[in-house]
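Since the structure comes first, as structure tokens, the remarks are kept for the end.
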Amino acid sequence: MRKGFNSLALVVQEVLKRDPHCGHLFVFRGRKGNLVRIIWHDGQGACVFTKRLERGRFLWPSPADGVVTISSAQLGYLLEGIDWRMPQKTWRPLSAG
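In our numbering, the protein residues as written are 999 to 1095.
So, in structure tokens, the structure goes:
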């Protein structure tokens, strides 16, 4: 994945039919699945974030019409390599005190 903000912003405009300067995060995955690149315009400038997993792959959703909308919590899970589609809630007993 060699594209920077300008190239990815063009993909957002032409393929996804969205405005890359609207303040939303747009996440792209590399071909091997171990790299994601996020573009975001914060109102002052363009930001590009990249994360590569040393082991494993990012679990990627199946897009219905080329676009998938996920919550910020789901994005956090995705970036941590956790299965964001079915996160397991843990039950913790209250302390006996």
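Heads up, the beta-carbon is just placed ideally off N, CA and C, and yes, glycines get one too.
Minimum C-alpha distance to residue i - residue among the options
i: L1033; options: D1081, S1005, L1077; result: L1077
i: R1000; options: V1046, Q1086, D1063, L1092; result: V1046
i: G1064; options: I1080, V1009, G1002; result: V1009
i: W1038; options: T1048, G1021, L1051; result: G1021
i: G1043; options: R1083, V1013, S1093, A1007; result: A1007
i: S1069; options: S1005, W1082, R1016; result: W1082
i: Q1072; options: G1041, D1040, E1012, L1023; result: L1023
N- and C-terminal bounds of the alpha helix (DSSP H) containing residue i
i: F1003; result: 1003-1012
Three-way DSSP call (helix, strand, coil) for residue i in this model
i: L1076; result: helix
i: S1070; result: helix
Bridge-paired residues (DSSP) for residue i
i: I1037; result: F1024, V1046
Three or more C-beta pairs below 8 Å linking the stretch 1045-1057 and the stretch 1022-1037 = yes
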